[in-house]
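Numbering (mature numbering (1 follows the signal peptide of the UniProt record, and there is no 0)), first residue to last: -24 to -1, 1 to 246. Data block below; observations after.
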Amino acid sequence: MRTLKNYLASLALVAAIMFSSCNPEEEIPGIGEGKMGIAFVLKTNQLNAENARTLNSSLSIESGFIQIKELELELKQRGTGTSDDDSDDDSDDDSDDDSNDDSDDDNGGDDSNEIEIKFRDIQKITFDDLDKSTDFFINIPEGEYKEIELEVDLIDYKNEPSIYFEGKINNADGTSKPFKFEFFGDDIDFEVEIEAEDDDNYFKVDRINNPLALFEINALNWFQNVSDSELQEAVETDGMVIISKNSNKSLYEKVKNNIKASSEIEVELD
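Here's what the structure looks like:
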């Protein structure tokens, strides 16, 4: 089993694979007949014990959205088993050694393919703790996969940020004040690697087996190193605490860095 790229205790974004079905009449971007679902939900549970001491537990996050420009996929699919034998005829010893590379060794070699999916319109994906339905599907070639790397490229659009979420900061005296976080730009991407738990196994994607990549966004973890006093002393604008590059900049930098640090994850399938 490979080591996770980030410790789960500090992850703000986790993913799971389930199976889903799509409306056969909906227009699905991508290529091929295999279908894969993407869903984003907001996870509202409290931080784990390790991180809870670094965050005001009265902070609540209620809703948000991200805006997706495109998806970039790197697919590692089971090979056909018909690798080129002609290369042995004219190759010297050095090239023979290179052919033992484990990327081409098993089962006749795995086929690698890169796909870029651009949506006709920017995908604005809203999330809360109630809606766990699939947000959209993509098409990829049918087959058995060893690994799928999925990069979600974000962008701000129509004067709205690429990452947005809002909630409340609850004060010790029982009062509360609303807050919102806004990130404009395209330099934060979410990345996930999906692979079989056993390095020798594959998972199937076709018209019947539609895996669902479920992104559970625990935005509370993005505040893991923010203190109570920082939240209480945050500057309000018309009764709202705005955390952005122009307002409450110190808070903004901490949250932005936490998002970047937890944007890569790895998922293994049984």
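C-beta: ideal position from N, C-alpha, C; glycine also. The model shown is predicted, which means the values in this text are computed figures rather than measured ones.
Delimiting residues of the alpha helix (DSSP H) encompassing Ser226: Boundaries of the alpha helix (DSSP H) harbouring Ser226: 225 to 237, taken from the DSSP string.
Segment contact flag, the segment 83 to 101 with the segment 143 to 163, C-beta cutoff 8 Å, min 3 pairs: Too few Cβ pairs lie closer than 8 Å, so no.
Asn186 versus Ile91: straight-line alpha-carbon distance, rounded: Each residue's alpha carbon lies about 18 Å from the other.
Expected contact under 8 Å - CB spacing of Asn197 and Ser238 to nearest Å: Rounded, the Cβ-Cβ distance is 7 Å, consistent with contact.
Terminal residues of the alpha helix (DSSP H) in which Gln99 lies: Looking at the DSSP string, Gln99 is not in any alpha helix (DSSP H); the run it does join, the beta strand (DSSP E), is 87 to 103.
Start-end ranges of the beta strand (DSSP E) lying completely within the segment 159 to 225, minimum 3 residues: Entirely contained in the segment 159 to 225, the beta strand (DSSP E) runs reaching 3 residues are, in chain order, 165 to 172, 179 to 181, 187 to 193, 216 to 219.
Exposure label - Asn224; buried when at least 16 CB within 10 Å: Buried.
Identity of the residues DSSP links to Pro5 by a beta bridge: DSSP lists no partner for Pro5.
Any 3 or more C-beta pairs closer than 8 Å across the segment 135 to 146 and the segment 177 to 184: No, because fewer than three Cβ pairs between the segment 135 to 146 and the segment 177 to 184 fall closer than 8 Å, the two stretches do not touch.
Reduced DSSP category for Glu46 - H, G, I as helix; E, B as strand; rest coil: In this structure, Glu46 counts as strand in the three-state DSSP scheme.
Collapsed DSSP secondary structure at Glu118 in the structure displayed: Three-state result, Glu118: coil.
Glu167 versus Phe191, Ala195, Gly8, residue with shortest Cα-Cα distance: When each option's Cα is compared against that of Glu167, the closest is Phe191.
Ala195, buried or exposed, once every other Cβ within 10 Å from all chains shown has been counted against 16: Classification for Ala195: buried.
Ala15 - partner residues in DSSP beta bridges: Looking at the DSSP output, Ala15 shares a beta bridge with Leu190.
Of the listed residues Ile42, Lys11, Pro117, Ser34, nearest to Ala148 (C-alpha basis): Cα-wise, what sits closest to Ala148 is Ser34.
Assigned exposure category for Asn21 - 16 Cβ within 10 Å defines buried: At Asn21, the pLDDT of 49 sits below 50, so the modelled position is not reliable; the number obtained from the coordinates is stated separately. When all chains shown are included, Asn21 counts as exposed.
Exposure of Ser152, with buried meaning 16 or more beta-carbon neighbours within 10 Å: So Ser152 counts as exposed.
Coil, strand or helix - Asp129 by DSSP: Three-state result, Asp129: strand.
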